[in-house]
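Engineer: Quick one: the structure is below, questions incoming.
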Amino acid sequence: MKKVPSLKNFLTSKKGDLDGFKDEKYGTSILGNIRHPEFNLSRGLTNITGFLSKGGKNKGKQILSEDEQGDFDRSGGMGSRSYLAPPQPPSFSSNRLRRVNSSTLSLNRTKKKNLTVEELYVEVAYTILHMIGCDSDQISKTELLNHIKDAFQLDENKHQHLLDIATMKEEPYLKLNLEIHSAKNLRGKDISGYSDPFCTFYLTSNPYARNNTSYKPRTLNPTWNEEYVLDVNSTEQDQLRVDVWDFNPEENMAVKLKKINEVKDARGVRKFIKETLGATTGKLTHELLGSVQIPLKDIPAKGVSGWWPLEKPETKKQKERGEVKLTLTLSTEKDGNLSSQEHRHLLKILFAHELQKTSAAPFTWNGEFSRESVIILSQHAVQGKLTGADTVLARWLVYCHTHCDLPLDYRVFLPILEKLKYTVDNSLLSAEEETKFVEVGLIFSQHCIEFIRKHRQFLASDMEYMVQIESILKCLQHVQYCTDKINGTDSTQSEEELCSQIEGAAKSSIEDWYNYVLDKMPIENNKLMRVKNLTNLANILGQDLGEGSAATHKLFKDALDMDYKKICYTIYSTQFKEISEKFVFETCEQLNSVIYTELSEKDDYVSNSIGIGTALFELYLALQSIVRHGQNILTDYEFERSCLYSYHVWFNKAVPRWLDIALYKAMQRIVKAVELDDLSPVDEFVKHSSSAVDIKTVLMQIKTFWVQLNWPDVEASYTFISKILDDVCKTTIYFSDKMVERVNRGHNNNAEFQINKSLCLAINNIDYVLQYIQPFVGDLGYDTTLAGLEALNGDMVAASCRRTLKTLVQNAMENVENKILEILEDVGEKMAPVISDFLNKCACRVTYTGKDCEDTLLKYLDENLILLKENLTDRNFERILSVIWECSAQSLENTIYHCIEARKPPSYFRTLCDILKILENFFYGDRAPQDEMLEKMRGMLQLYASSTADLIAKYYGTRLNYQRSLQVDDYANGRVALKVQLLNQHLRVEILNASELRPPEIHRGTIGASRMNKKLRARSNMNMSRSQRQLDWVKSKFSSLKVQVQSAQVQLHTAQTQNQADPYISLRLVPESKFTDVPKLRTRTLRGTLFPLYDEKFDLVLQNASERCKDAYLQILVKDRGLMGQGFFLGEAFLPLQELQGNKEVELSKLPQLHLPLTRPNDTDSDLVLALDSRIHDRQAREFLKRERRKM
């Protein structure tokens, strides 16, 4: 076998070597002949079809000689252009046997014959006139003849002359090519249940010319794969008969008897007996398994292949006898060498005609021929008995020859190379054909490599070229495989060399494309435009690494396991860093900060800084996209050593400026959003206006900026997050100020303050932004940054940073909430005077009705608070409700104290009490508030609004509660023992004794000198006249003198009794207003003792006792009799009458003793006492207090 150059040697040869190839008959580079508006593509059909017209003029020349084909291409009218010539036909050293393999070349190429165009035309016309196959009448012969006339470019006279020659030729001798493949499911005829099948076959016109196959022992599914050629007399009359037999060898009796062990069933026994008897008689019989008969007239031109069922025509009852697989084709008796040569040139002529007729553009012809051409080529191949190897090699050589001038769709070559691969694997080509294949394959491979070297330019013009790349990669693999198989070289090394060549071509194409894109960028001296150009370039590269090269990467990865994206990323990162790193560093260093003011928008300096900063951020994002692709493409080790691994360092000094720009733009949008806000709800389901939504969008844009930044350095990220939180606080506070300024615009401060919807919307807007701060901070994802800090610096540093960030978030929310409270308090302060005025007017009405207050205070509340309720969110309404309530309560409290100071009658306080209920119901509804101020005002109003009798009853109740709260150890004033029995009409009391009495002491101060009175007088001194202040001074002096006299009397009495007492006990029923008909009773006086024993009984007549016992008490007073008969108060005890109703049927002596502690009035400045003291025009109150003061 002839050794041919390898693909590597050819591709790596020097320019001179390649020129040597070009000077021969193999054609030039595919890309060198392309003309295109962008890449110089052209069709070149004239070069393909030119030789036909030349051949028509030189009618007698032998243009189809294999030896002279190259000379014809150089001298046949095609100029200096050289072409790829058809290969030499293969030759064999010996003749073919009758029995041949279907895929073996059946060509006997022992000598070469020259053939003219006229001879080829006659042969083709002869083939058309004598078409074979049952489908030969699908198209008229006239159409086929006209088709070849056009293809060969002959005039009518010449065509008719050559057709007459073909018509006068003798009809061809037909051959039947039979291939017997296999059979299945045959019947078992042997005693073992198997058969030894073989086939006999013949044509029914000559039944004696029989042939047979080999036999296959002990099988029911034999395989033969044997081919035969039979002479056909008439396709209309002849039929092929195939019989399948069970082979029975000639055996003697001894051999037959040895097979007794193979018998398996009754059928085997019968068969054994039959064969044994046959052995004794010496007869040899083969048993027929089944037959099939096929008419030759049913065979199409392409032949027929399939399974035929076996039958026994003689039997009436047909059984399943199995199937046989056959392949049948018809052909003529023709020189195989000449047929192969004719077929190649016929294919070339018809192919050129198809291209010319369809005006095919480069890379568009997909291998489809017209129906006429297909039938002509099929008939020529069938009649010439050309094998698949012959036809596929012819297409390979012709297509490659044409491909040099007009690039074909590479998908055309794939099925051809796949068939050639099978041909090479089975060694079906001769050495000469293998050499021709390798030589043409080298030229074809060069064209493929050249296409890859410029594939980015092709793809830039049309992505449809992607299918060409896919086909090229597969074709190169097939060509390399076949070349290695023919040359016997190491396929692994060849594959590596091929991958290296393809990778080099791909790198060259990628670099050329990068330089092409870079050259298209305009040259700018302006810094901003240079940044934008770099951004555009980075975006283009990033897009190419993503979707742009995804399909190409998959092709190279699947075909060669070559990482196309890795090549792209390596080239792009290296080149981009070289042109941008230094410039970006310098630009970031020169970037200045911007601070928002209302005048800064007109500053060109600020606008320029914002423009450059924004462009730098866009460049950063574009680079980030490229690097993200690099992370997915490269391994961690490779990525850490890539050129763009530390790209973010270039922008280190720009990040603070970006945050300034983000804050600046946020302020701008806030101003614009507030100005464009029409102060109406966004829709019916919400209570905020459009500016709140806009500000939320502003914050989302800041968050988006941070997410896009995705800064890799965790320590710097912590600093940036802190600044973002501070900027968010500034943004929301600024929005609050602008919102309030917008609402207050045009408001008349002198008019009565009225709530409006705009104010409600402003409050809701600020609260809406406040509610978004916490989710906003959560979306920043600072937990990831803190986790990075923890891994880098430890838990303590991370915990400290976490606390700092939480404090920043809390401060930001508190600042915004305080802003809301400031607005609400301002609303409350403006409403408070109006509410206070209403309260004063209502309180001054002695005769109060609910209608009066409803017409005044509630009207104002309806117009304002109800408006707030409808337009504020629940959260904000609760806030402003608290504020207004506090203002209203404070106004009400001031009114209450004013009325107390003015000693207003209870009717005033009842009016204020009703007003308080109205306010409470309006502000809180059914929910009773837990408000200390409210409870205090309610209690004070109820106290001052009560009647004097009720106040006195409450006073006694208070004294009783205090008395019961004392423990035994707390009986400082002594105790009294007694028995009490309540009967139907009177109260019976037995005073037993008193003990541990306390002598009288000097008590300083009176109820009138209480702290509350001082407070009230202090409030009113500034409003008193001079005479009133003098009168007040005289009263205070008189009270002081009275106290001094009383103190002197007590001191004298104590000295005389030597710290003893002359006690006596008096009994009375209180309140006195309920028991005016019951007299006061007293015991005798005991001298000089603190433990008096009385044992005295008293009866107090009490009519209707059961009805008068409620809130009634038995008062037991213990006094010390003085020198002048006056009594000094030692203590008193109270016994509620209601508790005495259960002992009417018991005798007094049997009742248990009651030991009651003695107490003295001690709460001299209680609200209850002050309420009584304020009623200067109430005699009952004055007398009651007078008695109580005496106890002091």
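Note that the working numbering has the sequence shown beginning at 147, numbered continuously upward.
Beta carbons: idealized from backbone N, C-alpha and C, even for Gly.
Predicted, not measured: the structure shown is a model, and the values here were computed from it.
1. Using the Cβ count rule (16 or more neighbours within 10 Å means buried), how would you classify tryptophan 1179?
2. Check serine 1186 in the structure and name its three-state DSSP category.
3. Please state whether DSSP places leucine 1331 in a helix, a strand or coil.
4. Give the straight-line distance between the Cα atoms of asparagine 672 and threonine 733, rounded to the nearest whole angstrom.
5. Using DSSP bridges, identify the partner residues of glycine 776.
6. According to DSSP, is tryptophan 1031 part of a helix, a strand, or is it coil?
7. List the endpoints of the continuous alpha helix (DSSP H) containing phenylalanine 831.
8. Mind checking whether leucine 683 and valine 730 have CB atoms under 9 Å apart?
9. Relative to the alpha-carbon of leucine 96, which residue among Cys1033, Asp1096, Ile598, Glu373 has its alpha-carbon at the smallest distance?
10. According to the neighbour-count rule (16 or more other Cβ atoms, all chains shown, within 10 Å of its Cβ), is leucine 701 buried or exposed?
11. Out of Thr635, Met609, Gly334, Gln647, which has the shortest C-alpha to C-alpha gap to leucine 622?
12. Using 9 Å as the threshold, is the C-beta distance between serine 1053 and isoleucine 981 below it?
13. Is lysine 321 helix, strand or coil when you go by DSSP?
14. Across which residues does DSSP place phenylalanine 1280 in a beta bridge pair?
15. Taking the straight line between their C-alpha atoms, what separation do you get for serine 695 and leucine 308?
16. Does the Cβ-Cβ distance between lysine 480 and glycine 530 come in under 9 Å?
17. If you follow the beta strand (DSSP E) that glycine 436 is part of, which residue opens it and which one closes it?
18. Only counting the same chain, and skipping five residues up and downstream in sequence, which positions put a Cβ closer than 7 Å to that of methionine 1158?
19. Buried or exposed: where does valine 625 fall if 16 or more other Cβ atoms within 10 Å of its Cβ makes it buried?
20. Would DSSP call tryptophan 370 helix, strand or coil?
21. Go ahead and pull the three-state DSSP assignment for threonine 262.
22. My output table needs one value for cysteine 345: the three-state DSSP class, helix, strand or coil.
23. With 16 other CB atoms within 10 Å as the buried threshold, where does glutamine 306 fall?
24. Identify whether histidine 549 lies in helix, strand or coil by the three-state DSSP scheme.
25. Which class does glycine 216 belong to by DSSP, given the choice of helix, strand or coil?
26. What number of angstroms, rounded off, separates the C-alpha of methionine 846 from the C-alpha of leucine 554?
27. Could you check which residue in Thr504, Gln956, Asp829, Glu975 has the C-alpha nearest to that of asparagine 1017?
28. In chain order, what residues of the same chain lie with their CB nearer than 8 Å to the CB of isoleucine 285, ignoring the 5 residues before and after it?
29. Assess contact between the stretch 1105–1117 and the stretch 1220–1240, defined as three or more Cβ pairs (one per stretch) separated by less than 8 Å. Is contact present?
30. Does valine 1343 pass the burial test, meaning 16 or more other C-beta atoms within 10 Å, or should it be called exposed?
31. Can at least three beta-carbon pairs, one atom from the stretch 911–918 and one from the stretch 948–955, be found at a separation below 8 Å?
32. So the candidates are Asp690, Arg774, Gln1127; which of them puts its Cα closest to the Cα of glutamine 1284?
33. Is it buried or exposed for asparagine 1022, if we count other Cβ within 10 angstroms and need 16 for buried?
34. Smallest Cα separation from serine 341: which of Tyr348, Leu332, Glu1218?
35. Could you tell me the alpha carbon to alpha carbon distance between alanine 800 and lysine 728, rounded to whole angstroms?
36. Near leucine 1013, which residues of its chain fall below 6 Å by C-beta distance, leaving aside the five closest residues on each side in sequence?
Structural biologist: Taking the coordinates as given:
1. exposed
2. DSSP places serine 1186 within a helical segment (H, G or I) once states are collapsed to three.
3. helix
4. Threonine 733 has its alpha-carbon roughly 12 Å from the corresponding atom of asparagine 672.
5. Answer by DSSP bridge pairing: none, since glycine 776 is not bridged.
6. helix
7. That residue, phenylalanine 831, is in no alpha helix (DSSP H); it is neither H nor E in DSSP.
8. no
9. The chain is shown only over 147 to 1338; residue 96 falls outside these bounds and no answer can be derived.
10. buried
11. Cα-wise, what sits closest to leucine 622 is Gln647.
12. Against a cut-off of 9 Å, the Cβ pair of isoleucine 981 and serine 1053 comes out as no contact.
13. strand
14. Gln1261
15. 57 Å
16. Against a cut-off of 9 Å, the Cβ pair of glycine 530 and lysine 480 comes out as a contact.
17. For glycine 436, the uninterrupted beta strand (DSSP E) segment begins and ends at 433–441.
18. Low local confidence applies: a pLDDT of 42 at methionine 1158 is under 50, so the model's placement there is unreliable, with the coordinate-based value given in what follows. Excluding residues within five positions, the ones whose Cβ falls inside 7 Å are Asp1311, Leu1316.
19. buried
20. The answer is strand: DSSP assigns tryptophan 370 an E or B state.
21. coil
22. strand
23. exposed
24. helix
25. Confidence is the limiting factor: at glycine 216 the pLDDT is only 36, short of 50, which leaves the residue's position unreliable and the question unanswerable from this model.
26. 55 Å
27. Asp829
28. Arg517, Glu518, Ile521
29. Here the stretch 1105–1117 does not lie against the stretch 1220–1240, with fewer than 3 beta-carbon pairs under 8 Å apart.
30. The structure shown does not extend to residue 1343, since the chain spans only 147 to 1338, so no value can be given for it.
31. no
32. Gln1127
33. buried
34. Leu332
35. 14 Å
36. Excluding sequence neighbours, leucine 1013 sits near Ile901.
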